[in-house]
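Here our numbering is used: the first residue of the sequence shown is 36, the next is one more, and so on. No residue lacks a Cβ here, since even glycine has one placed at the ideal position from N, Cα and C. A quick write-up on the structure given underneath.
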Amino acid sequence: MNKLFRAGLVAFVLMAGRAYADAESSRVEGVEVFRGEDGALVFRMGFAAPPDPARVRILLDVDGPVTGEIETGADYMLEGQVLYRYPPRARGWKWNVVEPTVSFIEGNTLVCFFPALPVGGTVAWAVESLSDEWSVAHRFPESGMADCDTGALPPFTWTTPLQPEDIAALLGHVPVALSRTLPKEFESSEWQTLSNAEADAKCHANLRGEGDIPLVIRLLDVTAGREVMLQPEEMAVSSNRVRWSGTALDVEWGMVLEQESPRELTVSGWLKADRDRCLRLGVGLQADLDQAVWHEDFQFRRVLSRTSAAARVTSPAPYGLRGRQSELPFGVLTVGKISLLVETDPAEPRAFEIEADPARSFFGIYYDVALTAQTSNFPGLATFRSAFRAFPSGERDGFRKALVQFYQRYPAFFVRKAPVCGFARPLARAGFPRTVDFACDDQDLLQPISSGPAQPTRWMSFLFMEPWSYWMSAPTKAGKALRLLHLLTAGTGRDSELAAAALVGGARRPDGALDWQDVSLPWHTGLFVRVSADPRLAPNPAAPLNRAMAEWRLYRTAMRENPVHGIYIEPLPDDGSLDFNRLALGVSDYPATFTTNRFQPGLAAPLASCSDLAALAAAVRAAGGYVAGRPSPLQMPFAAPSFDLLVSEFKTWGGEACDSAPEGRANRLRALAGLKPVVIRRLDAQRPLTPDEAARHLEWCLFRGFLPGFFDRARGADRLWKDALAGESIRPVLELYLPLIRRLAAAGWRPYGNAEVAPETIWLEAFGSVRQPAGLLTLRNTTGERVRGALKLPGAKEPVVMLDPLSGASWLVPAGGSSPREVPVTLMPYEIAVRDWMAVSKLPGEADFLAGWTGRGRAGAAGLTNLASIQAELEWGAYGHISCPVPAVHGDRNEVQVEVVNAGTQPLELSGLKIVSSRAYRPLDGVSLTVATGQTDRLTAYFETGDLADDPWLEVQWVLSRGSERKSCIRVFKPRVAEALVFEPPGRRIEGAGDKAAIELRVRNYSNRSRTLDVRWEGDFKGGRKPVELAPDSVTTLPLPVEKRRSRSGEMFVEVKSEGRVVFQDWFDMVFR
């Protein structure tokens, strides 16, 4: 009892001490009350430590203690930046929300602004600081209420104490835009004007494909609906460049065409007018697109016909003629044996669409631009740059070849600079600014991380930034919000800096008012306004810094006080409407655009932000940092090069079809990320997953080398991560897949690898250097059928080993010079698989990975065991290959065949074959055979799926003998197991025409023997019963006829038995038309 008493006493003392410390730190040391310009009250409160505004309460009694809250007489309460009113005749602690308000912190001082209230004469007030349990920790005055005469209050006046920040480092990295360079290039003295006779030969431009493909340029006046083909009126030449110019639709225009070869053409151009104009410019190739192949990405494509709709890959955009923008900065089209590529300059953000339109025989780019004198860096001007290329390719590889060329021209899309970290997780570290944190290793993801400085090899911290967003908990009326915005500039903290930046660069409506939006999001309810982060925006005395200054100050302060690895950029919550801020237009280097509901030049936030991001990213990298973030689909074509680590969001994959829009979006994300780490967060992050569902999600990430993330501010910690910490069912799944995924990400995705696969229904992605006799491959069966195919590996001078790290299956391909070698592959419906392949000399590297993977189930240990056995067999010039049915079938004797190849110099004896599992020991006693030199021979044994009930892994053991020498050989692997019969019913609703219908039931027999079915269907209509014989390893569709009776709708029940056991039953809704 004494020990218990002492322990309890110590705990009580510690708790009391902590409570005392909390009370002391939240102690209110003084309060001053002021009167604002509109008569509203302003409270300035001093605390013993920096206060938390959410835990400060101000009580205000405006009409005496007779009414209001019973203990204090308070009629109003300001708490957590929200004003409340005590309702008439209420009892107890009941308050009604009036409206939100704002406050700011200056060191240990909190300044709170009341809205204008109907107060006069004497009022009473009290300030309370609240504990973590929401009890009153300290009060000022200690009891009662303090009185003040509102007529005698001093006025709250200020000159903002904010100071600008030195952003020379940012300004030095602002990209030099085409809008500045092209006019100078166009007017250069290098040009030689052509005579009329000379000009006739230069008035057309062609790209050499299977023939000459002419360049066409169209100009559309969007407001008038008039379109013309541009033809040059004046021409000049300089080396391999041709200059065109002319006037059309009262718009001056000029083009510079540079043709380095017959198959490469670059077009740079400008449009100019002396008044506001909204225009669509089309630059492209004139070609017959019948039977051309349009590539959406490296997996999806479609064949066009003359009657096909225009092909494009776009996302919705709040600007442009069609309200759409292309997701990629290039497009690929294959015509015959030639692929055509068109690209917009990714360093020049524009509102653009790439499309192939068979009806107009057009493949090119449309730019939606608005000309205005407000873009004072280039008044009334808009520029663009596009390129066209032709190269030989096949129908399947056109996109991948185009992507390789694109990377060569723009390596910033492909090159990786940051360490491979990406397992995003929640992490709270006292004293640190708000960060986004990524664990580099799965063990760091699943274990507590210290709160000290980040270690680059274990996890990385990025300073969280939203450079284009301003959030404000304030009344939704614009006038009140603007008043509070001005009041916030009275401080010097981060809140005051952001308020000043919003006054300078906040998005404006056409009338010049701030474009406030009323939003309700998981992390904010209140007002929001988009803000320009252009570092060249000029501040003013009342708001002496812009958003770029505020963000750069935040970064420099963090690096000085709590160093981070770089910055994390969060995009706008939506792409919003156009920004008509005249200051932002005045400093922009990129053309304005328009909307069809308002033909007025404005800036598109997704495009303007790419320029801001390019300067910020370059400055951070110059300081030794990295840039992570989640660019929006509209930013991606221009912003991807600015990121070292990309984040995106997808719903959890259900484990089935591959032809959906998310798959195409994931392919395009992979293409624009190149070698860079990509983190995937689940949009349905709070959805719990079974271990099988978690495995499917992680396999989906694994296929493209995406790193799964487990935290974001909108949805909090991923349920998958929380379940992994809390229980043992999910954690082994993460421990199995995460090291594999990180290995793929570290090796790096490649648009081209050394391997090929057939048939085309199997997708293949390659990771690792193509220069090594080794690689990592991911495979995906895109169909609902089992698929048998072959992997084709490049020739090598030494044997090659291929390993499935998840199942332990292995293959050895003998040396074959330069000739490709094939390895069989069998995939179950929608299966995703991994294959590691390496020359025998590279086996130590594979063994190192597998050794580090042990303890995550048996996969790593099984791989090590198999590699060791393979190396031992190769010492004798032998290799044993294991064949097992895919899938192994419940209820069957599943044969396992050991095939031994003897490439050595002496005969080998094969004996001692046995199959060992957790439940069975199946030796092939007394059977042996001799494998002659240069020959192959086989032994066969069997197992049953019941052998795997406790452990899904099998061991196949055999002995090789050479004279008096013996080698014990082993393969450890996990067979894929399935029921013998798998049914695929049609949808629940079956429609019939006239008096007849049919329920078409599809069934696959995976068994190695025939199966007899007893099929019965009955219900509200005439059904039937029949026996069906299924051939071994076959697929059959069973039509079950149904005849209508009196009713037009009803239900039918289908039941199937096999070998006396029910193997399928279901109900179907029947409707006769």
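Ranges of the alpha helix (DSSP H) found wholly within the segment 513-594, counting only runs of at least 4: 513-523 and 529-540
Distance, A382 Cα to P672 Cα: Working through the sequence shown from its first residue, we reach residue 672 at position 637. Working through the sequence shown from its first residue, we reach residue 382 at position 347. Rounded to whole angstroms, P672 to A382 spans 9 Å at the Cα level.
Short Cβ contact (8 Å threshold) for Y590 with V655: The sequence position of residue 590 within the sequence shown is 555, counting from 1. The sequence position of residue 655 within the sequence shown is 620, counting from 1. Yes; because the gap between Cβ atoms is below 8 Å, this pair is in contact.
W846, DSSP secondary structure in three states: The residue labelled residue 846 in the question sits at position 811 within the sequence shown. If DSSP states are grouped into helix, strand and coil, W846 belongs with the strands.
C-beta atoms of A583 and A568 nearer than 8 Å: Along the sequence shown, read from residue 1 onward, the residue named residue 583 stands at position 548. Along the sequence shown, read from residue 1 onward, the residue named residue 568 stands at position 533. Yes.
C-beta atoms of A897 and N937 nearer than 8 Å: The residue you call residue 897 lines up with position 862 of the sequence shown. The residue you call residue 937 lines up with position 902 of the sequence shown. No, the pair does not count as a contact, with Cβ atoms beyond the cut-off.
Residues that H916 bridges to, as DSSP identifies them: The residue given as residue 916 occupies position 881 in the sequence shown. Paired residues: E934.
Entirely enclosed alpha helix (DSSP H) segments - the segment 629-698, minimum 4 residues: 640-657 and 671-674
Coarse secondary structure for C736, derived from DSSP in three states: To locate residue 736, count along the sequence shown from 1; it is residue 701. Reduced to three states, the DSSP call for C736 is helix.
Uninterrupted beta strand (DSSP E) stretches inside the segment 181-220 (no shorter than 3 residues): 181-184
From P859, L1036, G103 and G751, residue whose alpha carbon lies closest to that of V1063: Residue mapping note: residue 1063 aligns to position 1028 of the sequence shown, counting from 1. It is L1036.
For T687, the nearest candidate out of S695, L681 and L680 (CA to CA): Looking up residue 687 in the sequence shown gives position 652. If we check each option's Cα against that of T687, S695 comes out closest.
Rounded separation between K1092 and E728 - CA only: Counting from one through the sequence shown, the residue named residue 1092 turns up at place 1057. Counting from one through the sequence shown, the residue named residue 728 turns up at place 693. Cα to Cα, K1092 sits roughly 29 Å from E728.
Nearest residue (CA-CA) to E269, options T861, R460 and G289: As a working note, residue 269 is residue 234 in the sequence shown. Here the closest residue by C-alpha is G289.
Pairwise C-alpha distance: R1051 and I1034: Stepping through the sequence shown from its first residue, residue 1034 is reached at position 999. Stepping through the sequence shown from its first residue, residue 1051 is reached at position 1016. Roughly 12 Å separates the two Cα atoms.
R420 beta carbon less than 8 Å from that of D380: Here residue 380 corresponds to residue number 345 of the sequence shown, with the count starting at 1. Here residue 420 corresponds to residue number 385 of the sequence shown, with the count starting at 1. Yes, these two residues count as a Cβ contact at 8 Å.
Residues that DSSP places opposite H925 in a beta bridge: Your numbering for residue 925 matches position 890 in the sequence shown. BP columns for H925 are empty, so no partner.
Element boundaries [beta strand (DSSP E), containing Q321]: As a working mapping, residue 321 is identified with position 286 in the sequence shown. Taken as a continuous stretch (DSSP letters only), the beta strand (DSSP E) holding Q321 covers R312 to Q321.
Backbone CA spacing between P510 and P150 [nearest angstrom]: Numbered from its first residue, the sequence shown carries residue 510 at position 475. Numbered from its first residue, the sequence shown carries residue 150 at position 115. C-alpha separation (whole angstroms): 9 Å.
I1005 beta carbon less than 8 Å from that of D1104: Counted from its first residue, the sequence shown places residue 1104 at position 1069. Counted from its first residue, the sequence shown places residue 1005 at position 970. The answer is no: Cβ separation not under 8 Å.
Simplified DSSP state of I1110, which is helix, strand or coil: Any answer about residue 1110 is impossible in this case: the structure gives the chain only from 36 up to 1108.
Through-space distance from F1008 to D927, alpha-carbon basis: The sequence position of residue 927 within the sequence shown is 892, counting from 1. The sequence position of residue 1008 within the sequence shown is 973, counting from 1. One C-alpha to the other measures close to 19 Å.
Closest residue to D332 among P879, L974 and D432 (Cα-Cα distance): Along the sequence shown, one-based indexing puts residue 332 at 297. Closest option to D332, Cα to Cα, is D432.
Delimiting residues of the alpha helix (DSSP H) encompassing F884: Taking the first residue of the sequence shown as position 1, residue 884 is located at position 849. Start and end: L878 to W888.
Meets three-Cβ-pair contact criterion under 8 Å: the segment 127-147 and the segment 63-78: yes
Cβ pair L613, L642 closer than 8 Å: What you label residue 613 is simply residue 578 of the sequence shown in a count that begins at 1. What you label residue 642 is simply residue 607 of the sequence shown in a count that begins at 1. Taking 8 Å as the Cβ cut-off, L613 and L642 do not qualify as a contacting pair.
Pairwise C-alpha distance: E390 and Q635: Within the sequence shown, numbered from 1, the residue matching residue 635 stands at position 600. Within the sequence shown, numbered from 1, the residue matching residue 390 stands at position 355. In a straight line, the C-alpha of Q635 is about 25 Å away from that of E390.
Opening and closing residue of the alpha helix (DSSP H) in which R973 lies: Position 938 of the sequence shown, counted from the start, is the residue given in the question as residue 973. Looking at the DSSP string, R973 is not in any alpha helix (DSSP H); the run it does join, the beta strand (DSSP E), is T971 to F978.
Alpha-carbon spacing of L188 relative to L680, whole angstroms: Walking along the sequence shown from the start, residue 188 turns up at place 153. Walking along the sequence shown from the start, residue 680 turns up at place 645. Taking the straight line from one Cα to the other gives about 54 Å.
Where W193 falls, given that 16 or more other Cβ within 10 Å makes a residue buried: As a position in the sequence shown, residue 193 is number 158, starting the count at 1. Looking at its Cβ environment, which holds fewer than 16 other Cβ atoms inside 10 Å, W193 is exposed.
For D727, three-class secondary structure by DSSP: Position 692 of the sequence shown, counted from the first residue, corresponds to residue 727. Residue state, collapsed to three classes: helix.
Distance between T102 and D110 (C-alpha atoms, nearest Å): Counting from 1 along the sequence shown, the entry for residue 110 is found at position 75. Counting from 1 along the sequence shown, the entry for residue 102 is found at position 67. Near 7 Å, if we compare the C-alpha coordinates of T102 and D110.
Start-end ranges of the beta strand (DSSP E) lying completely within the segment 47-119, minimum 3 residues: 63-70, 76-82, 91-96 and 111-114
Backbone CA spacing between T407 and E222 [nearest angstrom]: Numbered from 1 along the sequence shown, position 372 holds the residue referred to as residue 407. Numbered from 1 along the sequence shown, position 187 holds the residue referred to as residue 222. Going from the Cα of T407 to the Cα of E222 covers about 21 Å.
Cβ shell of L49 (< 8 Å), same chain only, five flanking positions each side left out: On the sequence shown, residue 49 is found 14 positions in, with the first residue counted as 1. Low confidence applies here, because L49 scores a pLDDT of 37, under 50, leaving its location unreliable; read the following figure in that light. Within the same chain, L49 has no close Cβ partners at all.
Backbone CA spacing between A422 and R444 [nearest angstrom]: Position 387 of the sequence shown, counted from the start, is the residue given in the question as residue 422. Position 409 of the sequence shown, counted from the start, is the residue given in the question as residue 444. Cα to Cα, the separation comes out at about 11 Å.
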